[in-house]
Amino acid sequence: MPPLLQSTPPTSTPLSDPLSARALAGGGKTKGKAKRKFHRCRVHTSHTCWKATTCKHRLHKPAKQDDGGKGNQGNQNGNQTKPPSTTKNPTTTSTPTPTPLAPSPLPSAFGLHLGSRFSYGVTPQLHQEMEAAGGPQAWFTAQLSPAGIPDPVGDQFLTWWPSLDLDAPTIWQRDQAQVEPAWEVMADYQRWCLLRRIWSSRQVLEQMTEFFENHLHVPVHDDGVFGFRASYGRLIRSLALGRFDQLLTAAITHPAMGISLDNASSTKRAPNENLGRELLELHTVGRGNYTEDDVKASARILTGYRVQMWSTWRDWYDTASHWTGPVQVMGFSHPNTDPDGRAVATAYLSYLAHHPATAARLCRKLAVRFVSDDPSPALVDHLAQVYLAADTAIAPVLQALVALPEFAASAGAKVRTPTDDVVATWRALGVQLARPTGNDSAANAILWQTSTVGAEPQSWPRPDGPPERGAAWSSASRILASFQMHYAMAGTWWPKQDLTYRPLASWAPVTTGTSIRFDDLVEHLSRELLCRSASARVQEAARLQTGLTAATVITPTHALVRWGMPGLIATLLDSPEHLTR
């Protein structure tokens, strides 16, 4: 029986190329001396040695003659005594006939694709939820009304980090008193978001919350946002499946956005143009659709939204700071005579949300997120028309998107971001989480896990938000970091504290007296981890990683089950089937 070749994780080449997979798994030709093969003792199955001729087990050595202890001299006829037949040894047991795999139900191709794009990883449980809802399309429609979906597991996480409910003055006071640093509150918000993505029943809402937190991006590490960033994120979550004009107004006038882009200190005597410019360039119409005069007028309209930073942290609308006088931005104009300029700001933001350029830009970003890196102009134009006809409502746009042939044809075309990979891996492995008791608890350590793979959530340093195109997340260093993360979790090694993994042996569907072919085991794991049948590429990678053949019989005492499962599980998680969506 061929041995398991390695117990270390794949650390170099992606498995998209069979030759690369062979190198990754340790297969193929080797330089220098040929590898020595283990001799497996057929009598003492837990023993290995280099050669049968040097095996120290007495049953593999010629029987000694009663010659006074002078050594082996053979029998009286001069012939070497043969070892007794292993088939007669009472310790030997026959290998049971492999039991054919009983396939578990799988989602349809469309269900797998829809779930891969609008959840954080398809699991057997998600497939059951789709079936219970009446199919993938019915599940998706229900997801667009998240208030009707109970979410007890997702809701419990807010109680794990009580600081997320504190207001800005209290967070600042605790920071100054060295009770809890303000940055830790931001880290807790990131952790809360990650856990919701893993366990929330409202998967489409979580996807759209992330999308709009990226589109209306406020980096969690921006100076001064710590007191308002968690409430900003919850605001976006509450409006992410509503109308964009309402979401845009709420986000742009929120203290977190004002602090991040300097509008919190903007006055009528010195209007700060940062927010006025990014509103046009990033959040709505995009470059080429406005002038520098439009930027100046945009900044004047937004004056008045203030925050008393680094002292009381009071946020309020200051009529004395609002610039008054006629304003014009592109096709929007207003006399703007009232010192309370909130009405003109609301009208201006509504104008931008309904602008055709905003419709095209926002719908293209949605298509890049959920369809492909290069969606067709026809698709974007169709979605933009739906958006404008729906008065900027987002749900009708998503319904139209998933109904398009271009969406159906894009399965597997998107690369998971590093953060998405961490979340999808937790979901695939079915880990059980406990309330954090310290910094090393898994609920806290997951944030450092995303950092080591390549990207913490909400931490992109620029106001444009993290990229959605796959090329940004396909570097060799990122892929290697993902491989290391997969292996650490597949082996149940890290994170470890306050986290329960499935017993490794439980991944193999064999019990005492039963067995399974190796290729059937790989098929079983693929259905459990990837919710799809194992491709020829995955089967080959699994054979190369383990050194086993498709027909190898796997029993509960096989070395693969006893200590080789981490490498095999990691191989499936390293596959393009897991790293893409």
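First residue of the sequence shown? That's 1 in full-length UniProt numbering, and the numbers climb one at a time after it.
Beta carbons are placed, not taken as given, at the ideal position from N, Cα and C, and that holds for glycine.
Report yes if the CB atom of residue i is closer than 9 angstroms to the CB atom of residue j, and no otherwise.
| i | j | result |
| --- | --- | --- |
| residue 172 | residue 187 | no |
| residue 190 | residue 456 | yes |
| residue 143 | residue 110 | no |
| residue 438 | residue 481 | no |
| residue 306 | residue 323 | no |
| residue 127 | residue 107 | yes |
| residue 232 | residue 254 | yes |
| residue 103 | residue 527 | yes |
| residue 136 | residue 115 | yes |
| residue 129 | residue 201 | yes |
| residue 581 | residue 423 | no |
| residue 507 | residue 554 | no |
| residue 248 | residue 353 | yes |
| residue 266 | residue 219 | no |
| residue 465 | residue 282 | yes |
| residue 443 | residue 498 | yes |
| residue 237 | residue 205 | yes |
Does the Cβ of residue i have 16 or more other Cβ atoms within 10 Å, making it buried, or fewer, making it exposed?
| i | result |
| --- | --- |
| residue 510 | buried |
| residue 587 | A query on residue 587 cannot be resolved here, the shown segment of the chain reaching from 1 to 581 and no further. |
| residue 123 | buried |
| residue 571 | buried |
| residue 573 | buried |
| residue 415 | buried |
| residue 55 | For residue 55, the predicted structure reports a pLDDT of 48, less than 50, and the residue's modelled location is therefore unreliable. The matter cannot be settled from this model. |
| residue 468 | buried |
| residue 376 | exposed |
| residue 321 | buried |
| residue 148 | exposed |
| residue 561 | buried |
| residue 316 | exposed |
| residue 244 | buried |
| residue 566 | buried |
| residue 227 | buried |
| residue 74 | The pLDDT assigned to residue 74 is 40, lower than 50, so where the model puts this residue is not dependable, and the model offers no usable value. |
| residue 441 | buried |
| residue 361 | buried |
| residue 436 | buried |
Starting from the Cα of residue i, find the closest Cα among the options and give me that residue.
| i | options | result |
| --- | --- | --- |
| residue 595 | 417, 462, 434, 433 | Residue 595 cannot be examined here, being either before or after the span of the chain that is shown, 1 to 581. |
| residue 425 | 335, 313, 359, 577 | 577 |
| residue 524 | 514, 539, 512 | 539 |
| residue 303 | 275, 313, 282 | 275 |
| residue 559 | 532, 505, 513 | 505 |
| residue 160 | 192, 258, 178 | 192 |
| residue 269 | 296, 542, 292 | 296 |
| residue 292 | 328, 363, 312 | 328 |
| residue 351 | 98, 208, 331, 435 | 331 |
What is the residue span of the beta strand (DSSP E) that residue i lies within?
| i | result |
| --- | --- |
| residue 226 | Where residue 226 is concerned, there is no enclosing beta strand (DSSP E), given that its DSSP letter is neither H nor E. |
| residue 333 | 332-334 |
| residue 327 | 327-329 |
| residue 340 | It is not in any beta strand (DSSP E) - residue 340 carries neither H nor E in the DSSP assignment. |
| residue 315 | 315-317 |
Along the chain, where does the alpha helix (DSSP H) containing residue i start, and where does it finish?
| i | result |
| --- | --- |
| residue 153 | 152-156 |
| residue 563 | Counting along the chain, residue 563 falls outside any alpha helix (DSSP H), and DSSP gives it neither H nor E. |
| residue 185 | 182-199 |
| residue 160 | Segment: none, residue 160 is in no alpha helix (DSSP H) and carries neither H nor E. |
Problem set entry | Ordered list of alpha helix (DSSP H) runs contained in the region 434-463, each at least 4 residues | 442-453
For this session: Please specify which runs of the alpha helix (DSSP H), each continuous and at least 4 residues long, are wholly inside the region 508-552, giving them in chain order.
Result: 518-529, 536-546
Exercise. Quick one: complete alpha helix (DSSP H) runs, 4+ long, within the region 353-399?
Worked result: 356-370, 377-389
Exercise. What are the uninterrupted segments assigned as beta strand (DSSP E) that are 3 or more residues long and contained completely in the region 249-329, given in chain order?
Worked result: 305-307, 315-317, 327-329
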